[in-house]
Structure formats: C-alpha cells, structure tokens
Ligand SMILES: Cc1cc2nc3c(=O)[nH]c(=O)nc-3n(C[C@H](O)[C@H](O)[C@H](O)COP(=O)(O)OP(=O)(O)OC[C@H]3O[C@@H](n4cnc5c(N)ncnc54)[C@H](O)[C@@H]3O)c2cc1C
Ligand code: SF4
C-alpha cells in the first residue's frame, strides 16, 4: 500500500509536524511512504489550522493540523487503510 | 534546483574581487568571516529540496512550467505573495539571521513589472530581456544581489549636482553592443556570495538626469567590479570559536558590501532601463514595496529565535515563572506577531499589475517596514532586561577554554543547578547577538530609513477622504445616509433640540 505524505510549508508550526510522519513510519513499517507522489492514501500534515498542506479533490486522505497522540494518529491511518481495502 | 552544498560549490567557481580588512578574499565560500553568511544563504537552497518545506519554498515557473526555488519566482497571485512571507519567516527561524536572497527576488519582480510598462510607453524590448534573464536565473537557480542604494555623497544635492558625479551609478558610454557604467552601490546584502548583481536607480529622477536612470545585471566577477566587505560589530569573534558570536553558523544580518563599478561593460541584453527617467519613481516604489513587505516575515522569524533565547535564559536563571517575565515575553510575542500581521495583510491585499505579476499593497507594506524600524528595538530592550547585565559582561570563550580560568567560570557563571554553564553562556551570547549588534540598525535602515516609509504612507493614504468623513460626522457637511435612515435631513431631525 502506498502512502504519500504532503507537508505544508511549516512557516510557523504549532507542533512538531515530523512527529506524525515518525509515528506512521514506526507503526506501519510495511507501507511504502513517498512525498507528493500518487498513492492510495495521502496524509496532509499542516503546521496549524490554516491547513496549507491540504489539496482539494484528493480521494482518500488524512489531514493533521494540530498535535495528536500516537494512538489517534495510528487509529486514523488504520481507518484510511481500511477504506482502501477492496 | 541546487542544494545548499551545490550552491556553496557554485561560489567556488566564481572569482569576484573582494577586499576585507586590508586583504583580498580568496574564497568567499571558505573564508571564516564570510562563511556564516554563505551558510545562511545556502539555507534558501536546502529548504527548497525538503518535502517538509517545499510547499512554500518552491513554486512553478509561469515562464517554463518547471518547479523552481521561490526566490526566483515572479509572483502570480496574492497566494504567492503570502507564501513568500511565510517562507521568509521560516528561514528567519532556521537561520536566526538574514539569508540575503530576498533582495534579488524583489529586484526581478520589480523589473518585470516596470519593464512591461516602459515597453508599453516607448516600444522598447526591456520586458523580453527581463523575461530571458528571469528564465536564466530560474534555470540555473542563481542568487542575484539587488543593488539600489547609491553612496549619494552630499544628500542635499541631486545626482547631477554632486561635485563627483560618480556618487550615483551612471552610464558613461553607450556603444552598439552595450553600455559602460561607473559608480558605487552601498550596503549591498549578500553581494559577495551572490552569482549576479542587479543594479537599479536609487531615486526618482528628472529629465536632465537620464544618465543615472539605468538598470542592469552583471555577474559578480564582471571586469571592473570591486567589492569591499563592510565591518560588523563583533565580526572578528568568528575567529575566536563558536560561543562568543552567538550565532556562529549563520552570523547576523546579511553581510553587506560596497560594490564599485569602475567602467563596467554591460551588454544590451542585460540592460533593463537606460534613460527612461520617468519610470525611475515607479521602479523604486515597486522594489521598495516588495522589500518592505518582507520585514514582517524575516525579522519576525529572527524574533522567534530571540524570544526563544530570552525564554531559555529566563529558565536558566530561575526567573521564568515570575509574573513580570511572563508578561514581558508575551509582550515580545505580541510585538512580533503584530509585524507578522502587517506582512500578511499587505500580501493578501496585493494586486495584479498590467504585466500579470502581482505586487503587495504599497501602503500596508510601508506600514510593515515602519513598524520594523521601531518594534525590534522594543523586543530587544525586553530581551536585555530579562537577560541581565551579563548580556554585555560575560567572560569570553577563550577564558572558558583556558584551564586556569575554566573552573572559576563554570562555578561562578552558573545559573540554575541543572543547566550546564556552557549552555547558559551560549544562550546569553545568542541574546547579545540578536539584540545588540548589527540587527537593530538593519531594522532601521534596511529597505529604507523611516522617513522614506513616512513619505510613502502620506502619499498613499487618502487624507482628503479622512477630512471629508470627519466633516460629515461632525455635522459640517450633509450626511446622505442619515437622511435615508431617518427620512429627514439632519437639520430637520435636530431642529427639535434647538
Ligand atoms: C544591513 C543593511 C542592508 C541593506 N541592504 C541593501 C541591499 O541589499 N540593497 C540596497 O540597495 N540597499 C541596501 N541597504 C540600504 C538601505 O536601503 C539604506 O541604508 C537606506 O535607504 C538609507 O540610506 P543610507 O544608508 O544611505 O542613509 P542616508 O540616506 O544617509 O540616511 C540617513 C538619514 O538622513 C536622512 N536623509 C537622507 N537624505 C536626505 C535628504 N535629501 N533630505 C533630508 N533627509 C535625508 C534619512 O531620512 C535618514 O534619517 C541596506 C542597508 C542596511 C543597513
Ligand atoms: S499550515 Fe500553518 S505552519 Fe503550515 S505553512 Fe500553513 S500557516 Fe505555515
């Protein structure tokens, strides 16, 4: 399963955006993770509620725009992956 | 796009003539005084390749469709203008310094807009030339310096009235293949570690001052170009280790040079204005607008570092929880975010010019910069207040490294017990670097002295309109809305009270 990570520019992030990526990589070692490439799931990571990372029209996506716990991130990713399953 | 490392490598291929402290600089990339400025500029390259930042550090060229570094972009929307200031704040946070590349970015944008208008009036081909030049800059991911400020000699005299006419850059010869220019530009940020220099006139010029109405680009190592790198407060501390500078990796402010053009030949394809004096005011104003837009971005990014440093010092000295300290740090944040609001506002209020490129709102851009001539003095005052006298009396790194005095410094320069003395020293030096040295006069004069902004603000705000509305509210002039709301004139309405 391919997952694309799309970061906002991070001009003044309110939390560590990289934590989201770290959590995903740690908990889902079998996923193929790319930056800004076509994929089954796109994970938008914005540094604040302005949400600059988000691109309208994306089918299966997750959007993080504030600090979330590891469990929450894992749960959301699992749900998105489940949506992709045939 | 180049990486930071490739940018540094690209500088090694150039051979500019640079002097500093009585010696010729052999390699800009490797000289210990200049290298930190080079590192700061390299950050503009590095972050463009990082997926965590590329959303704001890159753009798609409207000329080639290629992905480019945003510093080489011609802004195509207000969103582009906003992304530019977001990028500047980010870079200020990552370097705690001036990364220099915005001046060239502002120069190509100002020329793009102005050349289009000159061609419309005179049928010249400057717009095609600047488009070709922008493509060249984008393709090679170049860093051009922007050189507007003339040395100006006697400020009470116009360019042509100076005893020595070379005190404003001017055309001394026109040839079939190009022009020859002479003069000097002062305080040019990042000039020594740029690939190119873009020259623009410094002020609005009259019909008898056509020789000074000149804009062009040359490589930094063009024949006849000499640069004398300017001194900064505490610059030689860079030779003393990595603590005393405060910011050993990225220095402070951009690193400015006096750039002298001694009969420099410029081929026509790199000339963007030659005698069109009636467009000098526009070029200066558009460039200044772009440049003043920046300051609530980059300076606020640097302020973020200073606020962080001040909060760290407060913790390291055991005063972080004191209510006046919390209040003062909040005040620093308030001042910084106020400047950020200004940069965002002038960007969101930007508009499309006839060339198709977008520029920020000039009134609000000038307000942004005028605030920057004041607020950094206030947030620096607070940083110095919280840090204490140690901000200017801290023992040197050399004494800290000296076995004879090290233990004494370890013992007596300690703050709270859990923080190593060296960490406290580093943080104090960072506060010193950001609140005392070159940083403040740069806020004052970079992108123009306060009076230049006052003039623009006065010119751009509609004072007559404000006088009119005051007269209406005071009942001196009729209020058409009042009649609509009450169905009678003000006179009739208030007659019963008289
Ligand atoms: C750190 C730094 C970086 C800079 N980077 C660049 C750059 O990259 N490119 C660039 O082109 N420029 C750059 N500048 C130049 C900057 O734009 C100028 O410093 C600014 O425009 C002021 O000009 P000046 O320094 O010559 O001061 P002056 O013009 O001498 O001003 C000093 C005072 O004199 C007043 N004054 C000047 N002329 C008159 C007059 N005719 N009548 C009445 N009062 C007058 C001013 O209002 C001011 O109060 C930089 C400056 C600094 C400090
Ligand atoms: S989402 Fe927030 S932190 Fe990220 S680029 Fe946009 S404004 Fe900056």
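Chains as they are written, first to last, in the numbering used here: chain A, 48 to 133; chain B, 99 to 596.
Using N, Cα and C, we set each Cβ at its ideal position, and we do this for glycine too.
Remember, it's a predicted structure, so these values are computed and weren't measured experimentally.
Using 10 angstroms around the beta-carbon of residue 198 of chain B, count the other beta-carbons present and answer buried if the total reaches 16, otherwise exposed. Mapped onto the second chain, residue 198 of chain B falls at position 100. Classification of residue 198 of chain B: buried, given that the 10 Å Cβ count is 16 or more.
Over the uninterrupted beta strand (DSSP E) stretch that includes residue 243 of chain B, give me the two end residues. If you number the second chain from 1, residue 243 of chain B lands on position 145. 242-245 is the extent of the beta strand (DSSP E) around residue 243 of chain B.
So residue 185 of chain B contacts chain A; which residues on that side make the cut at Cβ distance below 8 Å? Along the second chain, one-based indexing puts residue 185 of chain B at 87. In chain order: 56 and 58.
I'd like to know if the segment 187-206 of chain B and the segment 137-149 of chain B are in contact, where contact means that at least 3 CB-CB pairs between them fall below 8 Å. yes
Starting from residue 181 of chain B, find everything on chain A with Cβ-Cβ shorter than 8 Å and list it in chain order. For this step, residue 181 of chain B is matched to residue 83 along the second chain. Neighbours of residue 181 of chain B on chain A, chain order: 56.
Can you tell me the Cα-Cα spacing of residue 109 of chain B and residue 293 of chain B, whole angstroms? Position 11 of the second chain, counting from 1, holds the residue named residue 109 of chain B. Position 195 of the second chain, counting from 1, holds the residue named residue 293 of chain B. For residue 109 of chain B and residue 293 of chain B, the distance between alpha carbons rounds to 7 Å.
Answer with yes or no whether the minimum CB distance from residue 174 of chain B to chain A is below 9 Å. Taking the first residue of the second chain as 1, we reach residue 174 of chain B at position 76. No, no contact with chain A.
Where the segment 185-208 of chain B meets chain A: residues whose CB sits under 7 Å from a CB there: Contact annotation: in the segment 185-208 of chain B, residues whose CB is within less than 7 Å of a CB in chain A are 185, 187 and 188.
Considering only their Cβ atoms, is the gap separating residue 128 of chain B from residue 118 of chain B smaller than 9 Å? As a position in the second chain, residue 118 of chain B is number 20, starting the count at 1. As a position in the second chain, residue 128 of chain B is number 30, starting the count at 1. No, the Cβ-Cβ distance between residue 118 of chain B and residue 128 of chain B is not below 9 Å.
Quick check: the Cα distance between residue 301 of chain B and residue 252 of chain B, rounded to an integer number of angstroms? Start at 1 with the first residue of the second chain, and residue 301 of chain B comes out as number 203. Start at 1 with the first residue of the second chain, and residue 252 of chain B comes out as number 154. Residue 301 of chain B and residue 252 of chain B: Cα-Cα distance of roughly 14 Å.
Quick one: give me the first and last residue of the alpha helix (DSSP H) that residue 522 of chain B is part of. In the second chain, the residue the question calls residue 522 of chain B occupies position 424. First-last of the alpha helix (DSSP H) with residue 522 of chain B: 519-533.
Am I right that residue 382 of chain B and residue 438 of chain B are in contact with their C-beta atoms under 8 Å? What's the rounded C-beta distance? Here residue 382 of chain B is taken as the residue at index 284 of the second chain, counted from 1. Here residue 438 of chain B is taken as the residue at index 340 of the second chain, counted from 1. About 26 Å separates the beta carbon of residue 382 of chain B from that of residue 438 of chain B, a gap too long to meet the 8 Å contact definition.
Starting from the beta carbon of residue 154 of chain B, find every residue of chain A whose beta carbon is closer than 8 Å, and list them in chain order. Along the second chain, read from residue 1 onward, the residue named residue 154 of chain B stands at position 56. 55, 56, 57, 58 and 99, listed in chain order.
Is residue 295 of chain B near residue 249 of chain B, with beta carbons less than 9 Å apart? Numbered from its first residue, the second chain carries residue 295 of chain B at position 197. Numbered from its first residue, the second chain carries residue 249 of chain B at position 151. No, the pair does not count as a contact, with Cβ atoms beyond the cut-off.
Counting contacts by CB-CB distance shorter than 9 Å, is residue 402 of chain B in contact with chain A? Indexing the second chain from 1 puts residue 402 of chain B at position 304. Yes, residue 402 of chain B lies at the interface with chain A (some Cβ there is under 9 Å from its Cβ).
Excluding sequence positions up to five away, which residues of its chain have a Cβ less than 6 Å from the Cβ of residue 159 of chain B? For the purposes of this step, residue 159 of chain B is taken as residue 61 along the second chain, with counting starting at 1. Same-chain partners within the cutoff: 166 and 236.
Can you give the beta carbon distance from residue 281 of chain B to residue 363 of chain B, rounded, assuming they're within the 8 Å contact cut? Reading the second chain from its first residue, position 183 is the one you call residue 281 of chain B. Reading the second chain from its first residue, position 265 is the one you call residue 363 of chain B. Residue 281 of chain B to residue 363 of chain B, Cβ: 14 Å. No contact.
Taking CB distances under 9 Å as the criterion, tell me whether residue 477 of chain B reaches chain A. By 1-based counting over the second chain, the position of residue 477 of chain B is 379. Chain A, which has no Cβ nearer than 9 Å to the Cβ of residue 477 of chain B, makes this no.
So, does the segment 401-417 of chain B touch the segment 312-332 of chain B, judging by three or more C-beta pairs under 8 Å? no
Consider the Cβ of residue 474 of chain B: report whether some Cβ of chain A lies at a distance smaller than 9 Å. Residue 474 of chain B sits at position 376 when you count from the first residue of the second chain. No, residue 474 of chain B lies away from the interface with chain A (no Cβ there is under 9 Å from its Cβ).
Along chain B, which residues have their Cβ under 9 Å away from the Cβ of residue 64 of chain A? Residue 64 of chain A sits at position 17 when you count from the first residue of the first chain. What residue 64 of chain A touches in chain B: 150.
Would the segment 448-464 of chain B count as touching the segment 377-396 of chain B if we require 3 or more Cβ pairs under 8 Å? yes
When the Cβ atoms of the segment 212-224 of chain B are set against those of the segment 405-423 of chain B, are three or more pairs found closer than 8 Å? no
Distance, Cα to Cα, residue 162 of chain B vs residue 107 of chain A? Reading the second chain from its first residue, position 64 is the one you call residue 162 of chain B. Reading the first chain from its first residue, position 60 is the one you call residue 107 of chain A. Rounded to the nearest angstrom, the two C-alpha atoms are 31 Å apart.
What's the gap between the Cα of residue 340 of chain B and the Cα of residue 194 of chain B? Residue 340 of chain B sits at position 242 when you count from the first residue of the second chain. Residue 194 of chain B sits at position 96 when you count from the first residue of the second chain. So the two alpha carbons sit approximately 15 Å from each other.
Cβ closer than 7 Å: which chain B residues qualify as neighbours of residue 83 of chain A? Here residue 83 of chain A refers to the residue found at position 36 of the first chain. Within chain B, the residues near residue 83 of chain A are 149.
N-terminal and C-terminal residue of the beta strand (DSSP E) that residue 360 of chain B is part of: Position 262 of the second chain holds residue 360 of chain B. That run of the beta strand (DSSP E) goes 354-365.
Residue burial classification, residue 471 of chain B (beta-carbon count within 10 angstroms, cutoff 16): By one-based count along the second chain, residue 471 of chain B stands at place 373. That one is buried.
With a threshold of 8 Å, are at least 3 pairs of Cβ atoms found where one atom belongs to the segment 270-285 of chain B and the other to the segment 219-238 of chain B? no
Cβ of residue 246 of chain B within 8 Å of any heavy atom in ligand 1? To locate residue 246 of chain B, count along the second chain from 1; it is residue 148. Checking every heavy atom of ligand 1 against the Cβ of residue 246 of chain B, one is found closer than 8 Å.
Residue 412 of chain B to residue 532 of chain B, Cα distance in whole Å? Position 314 of the second chain, counting from 1, holds the residue named residue 412 of chain B. Position 434 of the second chain, counting from 1, holds the residue named residue 532 of chain B. Roughly 16 Å separates the two Cα atoms.
Are the C-beta atoms of residue 155 of chain A and some chain B residue less than 9 Å apart? One cannot answer for residue 155 of chain A here, as it falls past the ends of chain A, which runs 48 to 133.
What whole-angstrom Cβ distance do residue 124 of chain A and residue 87 of chain A have, given they're in contact under 8 Å? Position 77 of the first chain, counting from 1, holds the residue named residue 124 of chain A. Position 40 of the first chain, counting from 1, holds the residue named residue 87 of chain A. Incorrect: roughly 12 Å between the Cβ atoms, too far for contact.
Quick check on the burial criterion: 16 or more other C-beta atoms within 10 angstroms. Buried or exposed for residue 287 of chain B? Position 189 of the second chain, counting from 1, holds the residue named residue 287 of chain B. Using a 10 angstroms sphere on the CB of residue 287 of chain B, the tally of other CB atoms reaches 16 or more, which defines it as buried.
Same chain, Cβ closer than 8 Å to residue 57 of chain A, five either side skipped, listed in chain order: One-based indexing of the first chain puts residue 57 of chain A at position 10. Only 64 and 94 meet the Cβ criterion.
Starting from residue 281 of chain B, follow its DSSP beta bridges and name the residues at the other end. Here residue 281 of chain B corresponds to residue number 183 of the second chain, with the count starting at 1. Residue 281 of chain B pairs with B/359.
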